[in-house]
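One structure below.
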Amino acid sequence: MSTLQTVVHWFRLDLRLHDNLALRNAINEAENRKHYLKPIYVIEPDIKNKIGANRLRFLLQSLQDLDVNLRKINSRLFIVKGRAVDLLPELFEKWNVKFLTLQVDIDAELVKQDEIIEKFCEEKDIFVVKRMQHTVYDFNSVIKKNNGGIPLTYQKFLSLVADTQVKDTIEIAKQISDDCKSTDFELEEYKVPSLEEVGINESELLECKYPGGETEGLKRLNIYMNKKQWVCNFEKPNSSPNSIEPSTTVLSPYISHGCLSAKLFYHKLKQVENGMKHTLPPVSLMGQLMWREFYYVAGAGTKNFDKMVGNTVCTQIPWGKNEVHLKAWAEGKTGYPFVDAIMRQLKQEGWIHHLARHMVACFLTRGDLWISWEEGAKVFEDYLLDYDWSLNAGNWMWLSASAFFYKYYRVYSPVAFGKKTDKEGLYIRKYVPELKKYPSEFIYEPWKAPKSVQRTAGCVVGEDYPNRIVDHDKVHKVNIQKMNAAYKVNKEKKALKRKR
DNA sequence: CCCAGAGTTGCTTCT
DNA sequence: TAGAAGCAACTCTGG
Numbered sequence: 001m002s003t004l005q006t007v008v009h010w011f012r013l014d015l016r017l018h019d020n021l022a023l024r025n026a027i028n029e030a031e032n033r034k035h036y037l038k039p040i041y042v043i044e045p046d047i048k049n050k051i052g053a054n055r056l057r058f059l060l061q062s063l064q065d066l067d068v069n070l071r072k073i074n075s076r077l078f079i080v081k082g083r084a085v086d087l088l089p090e091l092f093e094k095w096n097v098k099f100l101t102l103q104v105d106i107d108a109e110l111v112k113q114d115e116i117i118e119k120f121c122e123e124k125d126i127f128v129v130k131r132m133q134h135t136v137y138d139f140n141s142v143i144k145k146n147n148g149g150i151p152l153t154y155q156k157f158l159s160l161v162a163d164t165q166v167k168d169t170i171e172i173a174k175q176i177s178d179d180c181k182s183t184d185f186e187l188e189e190y191k192v193p194s195l196e197e198v199g200i201n202e203s204e205l206l207e208c209k210y211p212g213g214e215t216e217g218l219k220r221l222n223i224y225m226n227k228k229q230w231v232c233n234f235e236k237p238n239s240s241p242n243s244i245e246p247s248t249t250v251l252s253p254y255i256s257h258g259c260l261s262a263k264l265f266y267h268k269l270k271q272v273e274n275g276m277k278h279t280l281p282p283v284s285l286m287g288q289l290m291w292r293e294f295y296y297v298a299g300a301g302t303k304n305f306d307k308m309v310g311n312t313v314c315t316q317i318p319w320g321k322n323e324v325h326l327k328a329w330a331e332g333k334t335g336y337p338f339v340d341a342i343m344r345q346l347k348q349e350g351w352i353h354h355l356a357r358h359m360v361a362c363f364l365t366r367g368d369l370w371i372s373w374e375e376g377a378k379v380f381e382d383y384l385l386d387y388d389w390s391l392n393a394g395n396w397m398w399l400s401a402s403a404f405f406y407k408y409y410r411v412y413s414p415v416a417f418g419k420k421t422d423k424e425g426l427y428i429r430k431y432v433p434e435l436k437k438y439p440s441e442f443i444y445e446p447w448k449a450p451k452s453v454q455r456t457a458g459c460v461v462g463e464d465y466p467n468r469i470v471d472h473d474k475v476h477k478v479n480i481q482k483m484n485a486a487y488k489v490n491k492e493k494k495a496l497k498r499k500r
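Just so you know, full-length UniProt numbering puts 230 at position 230 of the first sequence, and the rest follows in order with no gaps.
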């Protein structure tokens with residue numbers, strides 16, 4: 001057992017070396033005091049049940065890459081296994097830890113963990129350094145600037161940060177001293193586990209379209225930042241939700257895992273836009289990054305942000321329960337080819353276009369199935385590579401017209417919406433292959449095809465492909481009225497509160 | 001207190 | 001064929 005003191009950097013959602021101030025703080029502290037340096041990542045025992053297989057693969061790839069990059073500067077990643085709140089106090093004692101650095105995260109579960117660990121550190125005189133480095137702006141100062149409340153509109157948010165100077169990114173380049181290598185530096189038990197070792201059978205996963213890691217994230221960033229004209233002309237609403245190859249950057253998984261610094265993305269975008277005529281928020285690429293910031297401020301400043309009950313920004317809506325419909329939606333078996341194609345792409349690849357998310361989120365909640373956005377958020381949490389606590393909850397509330405967005409009578413049509421950008425239904429043919437041979441006329445509405453056409457196409461609705469679980473034309477109108485009623489109740493409650 | 005204007009991205013029909 | 005109007009009509013912000 002070592003008697004030498006140890007500095008720990010606890011990696012969570014900051015799986016990178018670049019622009020990682022907390023990590024640099026740890027390195028400096030260890031070098032200056034000639035302490036051991038242990039950059040750690042905690043893998044929870046039930047990780048397989050918490051994170052979907054695709055995202056778990058992305059995470060392990062990111063950790064592998066992080067280890068490689070740490071070794072380039074004469075360190076390594078120490079994977080430790082157990083429940084953070086039980087394991088870390090034990091390890092910190094064993095390793096004689098005196099200094100801990102980590103990034104500020106706002107995921108409710110991480111916040112709860114932090115409180116426990118920080119309390120332990122205080123008792124044991126372990127100095128803790130926390131850095132705000134997951135977002136471009138410090139969300140607490142934005143809330144302060146808004147007199148303690150969260151901005152409820154995007155434009156309001158933009159006005160709050162308009163004159164904020166964004167700090168430069170920082171780099172870690174130099175080799176770490178050999179003195180910082182602990183005696184157990186070479187131990188095998190700390191290596192990044194394989195998918196198999198965490199209980200995933202890799203052969204069950206499809207081809208990996210978006211490999212995890214800082215190296216891959218930076219590469220992807222550079223590819224897109226070199227397309228200056230494309231960046232400057234970017235308008236989100238005009239990008240296609242159903243192109244076969246993504247019409248947007250797919251940088252989101254890298255940013256959500258912290259493989260890519262949001263601040264670096266910000267500065268690169270500024271560079272590209274500089275001196276060029278370019279689109280503006282909310283539709284520009286910069287605007288997309290600002291949407292993330294917007295939701296981070298909202299998530300940080302709202303209690304129970306990921307729930308309906310006890311959430312002050314969320315309109316209370318009497319959603320129904322329907323396990324059969326929920327399952328059909330999650331598995332891509334609603335009988336609406338466009339909805340099913342999106343849900344199947346999500347499950348297979350872990351990424352779908354933002355507007356595709358709109359389509360299926362509206363369908364599950366206020367549009368068709370009248371099921372709570374919380375149920376949808378859980379499914380997205382499972383499948384999305386770019387799952388992010390505040391963005392997921394915030395966007396689900398938006399789409400279900402529970403917060404931030406209120407025009408509930410604007411309902412996406414599972415038939416009309418996709419046709420705008422994919423008349424032939426090539427996207428549906430790829431992800432719902434049983435409909436591959438349908439004539440374009442019926443590809444969005446196979447139930448309308450005459451039986452003979454269905455037979456010729458080799459897919460009879462009700463036998464080879466599900467019947468529609470609801471009739472959109474009828475049900476969406478009923479749901480608008482239900483929304484109307486829920487809003488009315490909400491308004492009355494608010495008026496009553498004001499009187500008191 | 002009220003009012004006007006704005007709000008990332010709806011659908012259908014008509015011109 | 002792109003753009004506007006009709007549909008029915010929400011909340012937040014700022015004056």
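Ideal Cβ positions, reconstructed from N, Cα and C, are used throughout, including at glycine.
Give every residue of the same chain whose Cβ lies closer than 7 angstroms to the Cβ of residue i, excluding the five residues on either side of it in the sequence, and list them in chain order.
| i | result |
| --- | --- |
| L435 | P337, I428, R429, I443, P446, C459 and Y465 |
| K327 | none |
| Y137 | V161, T164 and E293 |
| L91 | V80 |
Roughly how many whole angstroms lie between the Cα atoms of residue i and residue j?
| i | j | result |
| --- | --- | --- |
| L160 | N146 | 7 angstroms |
| residue 582 | M276 | The chain is shown only over 1 to 500; residue 582 falls outside these bounds and no answer can be derived. |
| L88 | T365 | 40 angstroms |
| Y438 | W329 | 22 angstroms |
| E381 | A393 | 10 angstroms |
| S284 | K236 | 7 angstroms |
| H358 | A485 | 23 angstroms |
| V415 | A495 | 39 angstroms |
| K499 | V313 | 19 angstroms |
| Q155 | H134 | 22 angstroms |
| E424 | V432 | 14 angstroms |
| residue 559 | N467 | Residue 559 is absent from the model: the chain starts at 1 and stops at 500. |
| L152 | K477 | 27 angstroms |
| D422 | Y412 | 16 angstroms |
| F127 | P282 | 41 angstroms |
| N238 | E331 | 28 angstroms |
| N49 | Q64 | 21 angstroms |
| M483 | V111 | 33 angstroms |
| V7 | D107 | 25 angstroms |
| E196 | E202 | 7 angstroms |
Give the single residue among the options whose Cα lies nearest to the Cα of residue i.
| i | options | result |
| --- | --- | --- |
| D306 | A356, N395, Q103 and P433 | N395 |
| A30 | W398, C180 and N311 | C180 |
| G301 | E441, G320, G148 and K156 | G148 |
| N74 | R33, V129, E381 and L17 | L17 |
| T215 | K72, Y154 and V313 | K72 |
| I317 | K497, I480 and L251 | I480 |
| I40 | S239, F417, L355 and L100 | L100 |
| V104 | K227, K419, L13 and W319 | L13 |
| K38 | F11, Y383 and E44 | F11 |
| F363 | Y387, W351, Y409 and N233 | Y409 |
| K167 | L205, Y266, S203 and N226 | Y266 |
| L251 | I176, R76, E207 and Q288 | Q288 |
| N490 | Y387, V309 and K420 | V309 |
| S243 | E323, G82 and W351 | W351 |
| V470 | V324, I143 and W291 | V324 |
| H278 | K227, V453 and T315 | K227 |
| V142 | E492, M290 and N274 | M290 |
Am I right that residue i and residue j are in contact with their C-beta atoms under 8 angstroms? What's the rounded C-beta distance?
| i | j | result |
| --- | --- | --- |
| S390 | A298 | 7 angstroms |
| K130 | L102 | 6 angstroms |
| Y296 | F139 | 5 angstroms |
| K268 | L221 | 6 angstroms |
| N54 | L385 | 6 angstroms |
| A356 | P241 | 4 angstroms |
| G418 | W370 | With 8 angstroms as the limit, G418 and W370 do not qualify as a contact, their Cβ atoms being about 22 angstroms apart. |
Give every residue of the same chain whose Cβ lies closer than 6 angstroms to the Cβ of residue i, excluding the five residues on either side of it in the sequence, and list them in chain order.
| i | result |
| --- | --- |
| S62 | L15, G212, G213, H257 and C259 |
| Y254 | G217 and L260 |
| F157 | P151 and F294 |
| V231 | V272 and L285 |
| K209 | E349 |
| A449 | F442 |
Short of 8 angstroms in beta carbon distance, which residues of its chain neighbour residue i, apart from the five on each side in sequence? Order them along the chain.
| i | result |
| --- | --- |
| D19 | Q133, T169, I170, E171, S261, K263 and L264 |
| A84 | V42, E44, Q113 and I117 |
Task: At least 3 beta-carbon pairs within less than 8 angstroms: the segment 428-442 vs the segment 336-345 - done: Yes: at least three Cβ pairs fall under 8 angstroms.
Open item on the list: Three or more C-beta pairs under 8 angstroms: does that hold for the segment 49-60 against the segment 79-99?
Closed with: no
- [ ] State whether the segment 241-255 contacts the segment 185-200, with contact taken as three or more CB pairs (one from each stretch) at a distance under 8 angstroms.
- [x] no
Open item on the list: When you compare the segment 65-77 with the segment 396-411, are there three or more beta-carbon pairs, one atom per stretch, that lie closer than 8 angstroms?
Closed with: no
Task: Any 3 or more C-beta pairs closer than 8 angstroms across the segment 23-37 and the segment 165-177 - done: The segment 165-177 and the segment 23-37 touch, with three or more beta-carbon pairs separated by less than 8 angstroms.
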